[in-house]
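First residue of the sequence shown? That's 10 in my numbering, and the numbers climb one at a time after it. The beta-carbon is built from N, C-alpha and C at its ideal position, and this holds for glycine as well.
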Amino acid sequence: MFLPILSAILGIIAFLPINFYPAGLVFLAPLFIFFLREQKLRRLILGTALFRLTFGLGTVYYTLEPIFWLTSLLIFFGLPISIWLIKKFSARFHSLFVIRYLLFIALPFLWTVFDLLQARYSLLPTYIITAGNSLGSSPFVGLAGIGGLVLLTFFAASINTLIAATIAAPPLTREEKKRGFILIGVIAILIFSAYFISQYRLQKNASEYDNLPNSLKIAAISTNEKFERGQFEKLKAELSGKQLDLIVFPEDIFSSRADLFDSQREFFQNLAKELNADIITVFDTISEGKKYNSAILFGKNGEIAGVHNKNRLTFIGEYWPFGDWRLSFYDWLAKKNPKIKNYAVFDIKNAYARGDTNMLKIKEANFAAAICLEIQYLFDIKKYRENSARFVVNPTSNRWIGKGAKHFLYISDNLKKIEAVWLKLPIVSGGVKDFAGIILPDGEAYFVNYENSPKDWGMFFGEIKY
10 MFLPILSAIL GIIAFLPINF YPAGLVFLAP LFIFFLREQK LRRLILGTAL
60 FRLTFGLGTV YYTLEPIFWL TSLLIFFGLP ISIWLIKKFS ARFHSLFVIR
110 YLLFIALPFL WTVFDLLQAR YSLLPTYIIT AGNSLGSSPF VGLAGIGGLV
160 LLTFFAASIN TLIAATIAAP PLTREEKKRG FILIGVIAIL IFSAYFISQY
210 RLQKNASEYD NLPNSLKIAA ISTNEKFERG QFEKLKAELS GKQLDLIVFP
260 EDIFSSRADL FDSQREFFQN LAKELNADII TVFDTISEGK KYNSAILFGK
310 NGEIAGVHNK NRLTFIGEYW PFGDWRLSFY DWLAKKNPKI KNYAVFDIKN
360 AYARGDTNML KIKEANFAAA ICLEIQYLFD IKKYRENSAR FVVNPTSNRW
410 IGKGAKHFLY ISDNLKKIEA VWLKLPIVSG GVKDFAGIIL PDGEAYFVNY
460 ENSPKDWGMF FGEIKY
């Protein structure tokens, strides 16, 4: 089982916040060699489990939770089962070509399907650890402009498959050596072709975006956990007189979700009037007896110009599908981290109601407010684009992350870059323990790091074209 573990270690390196993207083109090769060689279903499943668990512990360790991890793993077991079925099926044929090459041809498709199935249907979205997301900050991100994360994942899986095929059968005869050189040539051609196609697409996106006729002046704010309401006057002073069109505040900027809706509404209504700018922020609201996590757009005259209630609720924190039942693990976790004591898992009354995928509007521009992890549901963002969204705002709160915040932000921003390039949509970020800034449709990111400031907040000023 050395090969699956080696693959996981290389995968961990590919997703480290050091942008070592070349590892994304090789980290699956040892695992694929294992798939090509192994004949027993039990060992295929065990090797897959070892890979996923080791890989997860090195990339998304901050999400470690038994039910989520187990269900994700069960979905992914469809991959080794499919590989085993293909081997059994190909064994029925007397054709040497079918026996040798059917799995080789199928492997990039199978990996792409199950990588994305797990990402979509796990209890939490895991698109951030799909193979294609390792290329989110690479020169190949322009491929997303053609086929999004799906194409990037397929590209990564294809290169890894070719590398695995080259290594798996050491060339012994002259014919085998010739085949090896051909595979190396194909790998080189694919990589260079992908690079030039990607760069062309990024330049095209940049040119189209630069030529858009309208623009909005924006500010995005991020804070650390030390930020308090008493510091707000100083923050507000930095925003005064900037003649901004839109200000993006973090989700639950004041840390307590116990603040009454009326008090927060009045606070931000007055702030919008003072700053003479539209403001979007996120806090809890009550409507018809139901609690929502809501992105609220306040107009510059203080009116509520639009509301988006979070549609993709977060497992454990905002919804819990198992009633009063829970593992004792959660009670132990609550003792270690009292911040989570009000999560839905501990009291179903704390659960949130599900909202809709409606859009907000400023001036002539429709835009989407993707609250926190909603930004990771790619095909929801695609629907917003199809419904004429001109940009996306992503207010977040990452208080739930202890160690690993930088790691999470790196791979999350990779995904945002892929979405921005794919859908030609600028994405504005602002949050607690998050970067403030914007990602443009050419994949370029402009961020202010709240941790580098002597204050407890960071502030980005820029513009959105539409």
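Whole-Å CB distance - residue i paired with residue j, under 8 Å assumed
{"i": "I420", "j": "N403", "result": "The Cβ separation is near 15 Å, so there is no contact."}
{"i": "V69", "j": "I138", "result": "6 Å"}
{"i": "G141", "j": "T162", "result": "3 Å"}
{"i": "K426", "j": "A454", "result": "6 Å"}
{"i": "R363", "j": "L306", "result": "With a Cβ gap of about 20 Å, R363 and L306 do not count as contacting."}
{"i": "V3", "j": "E234", "result": "Missing from the structure shown is residue 3; the chain here goes from 10 to 475 and no further."}
{"i": "G315", "j": "K372", "result": "The pair is not a contact, with the Cβ atoms about 13 Å apart (cut-off 8 Å)."}
{"i": "A229", "j": "F469", "result": "5 Å"}
{"i": "A378", "j": "A304", "result": "4 Å"}
{"i": "R210", "j": "G154", "result": "4 Å"}
Same chain only: Cβ atoms within 7 Å of residue i, ignoring 5 sequence neighbours per side
{"i": "I196", "result": "I168, L171 and I172"}
{"i": "L111", "result": "I95 and S99"}
{"i": "A128", "result": "P134, T135, Y136 and T139"}
{"i": "L125", "result": "T139, V159 and T162"}
{"i": "L418", "result": "D443 and F444"}
{"i": "G471", "result": "I227, I447 and Y455"}
{"i": "K415", "result": "P26"}
{"i": "S91", "result": "L119"}
{"i": "L40", "result": "L12, P13, S16 and F60"}
{"i": "F338", "result": "P75"}
{"i": "R408", "result": "E234, K348, V441 and K442"}
{"i": "W329", "result": "A353, V354, I357 and A360"}
{"i": "G413", "result": "Y70 and Y71"}
{"i": "A115", "result": "I95"}
CA-to-CA distance, residue j to residue i, given in whole angstroms
{"i": "A38", "j": "S16", "result": "7 Å"}
{"i": "W78", "j": "H317", "result": "30 Å"}
{"i": "K480", "j": "G467", "result": "In the structure as shown, the chain starts at 10 and stops at 475, and residue 480 therefore has no counterpart that could be examined."}
{"i": "E242", "j": "E283", "result": "12 Å"}
{"i": "D261", "j": "Q273", "result": "10 Å"}
{"i": "G189", "j": "F113", "result": "14 Å"}
{"i": "L5", "j": "T121", "result": "Here the chain comprises residues numbered 10 to 475, so residue 5 is not present and cannot be evaluated."}
{"i": "L133", "j": "K187", "result": "46 Å"}
{"i": "L45", "j": "L88", "result": "13 Å"}
{"i": "I313", "j": "Q278", "result": "8 Å"}
{"i": "K391", "j": "S147", "result": "22 Å"}
{"i": "F258", "j": "N458", "result": "15 Å"}
{"i": "K226", "j": "G439", "result": "15 Å"}
{"i": "S462", "j": "E237", "result": "16 Å"}
{"i": "L280", "j": "S207", "result": "43 Å"}
{"i": "F123", "j": "Y218", "result": "34 Å"}
{"i": "I14", "j": "P117", "result": "20 Å"}
{"i": "D271", "j": "A246", "result": "24 Å"}
{"i": "T232", "j": "D465", "result": "6 Å"}
{"i": "N351", "j": "I325", "result": "10 Å"}
{"i": "G194", "j": "F201", "result": "11 Å"}
{"i": "N423", "j": "R183", "result": "43 Å"}
{"i": "L432", "j": "N223", "result": "18 Å"}
{"i": "F388", "j": "F331", "result": "27 Å"}
{"i": "L434", "j": "Y386", "result": "15 Å"}
{"i": "G56", "j": "I42", "result": "11 Å"}
Status (buried if at least 16 other CB within 10 Å, exposed otherwise) for residue i
{"i": "G452", "result": "buried"}
{"i": "A100", "result": "exposed"}
{"i": "Q48", "result": "exposed"}
{"i": "G298", "result": "exposed"}
{"i": "R61", "result": "buried"}
{"i": "D443", "result": "buried"}
{"i": "G20", "result": "buried"}
{"i": "K348", "result": "exposed"}
{"i": "G411", "result": "exposed"}
{"i": "A398", "result": "buried"}
{"i": "D254", "result": "buried"}
{"i": "S296", "result": "exposed"}
{"i": "G145", "result": "buried"}
{"i": "K319", "result": "buried"}
{"i": "S9", "result": "Since the first residue shown for the chain is 10 and the last is 475, residue 9 is missing from the structure and cannot be characterised."}
Same chain only: Cβ atoms within 6 Å of residue i, ignoring 5 sequence neighbours per side
{"i": "R335", "result": "V354"}
{"i": "L160", "result": "L152"}
{"i": "Y204", "result": "P148"}
{"i": "V291", "result": "E260, A304, I380 and P404"}
{"i": "G311", "result": "Q278, A281 and K282"}
Cut-off 8 Å between Cβ atoms - residues of its own chain near residue i, not counting five sequence neighbours on either side
{"i": "N396", "result": "M368 and N375"}
{"i": "I22", "result": "F29, A32 and F36"}
{"i": "D333", "result": "I357"}
{"i": "L221", "result": "K474 and Y475"}
{"i": "L342", "result": "I349"}
9 Å Cβ cutoff, residue i in contact with chain B
{"i": "G157", "result": "Within the model displayed, chain B is absent; a lone protein chain is all it includes."}
Any beta strand (DSSP E) of 3 or more consecutive residues that is wholly inside the segment 344-400 = 369-371 and 374-378
Go through the segment 256-294 residue by residue and report every complete run of the alpha helix (DSSP H) that reaches 4 residues or more, in order.
-> 270-284
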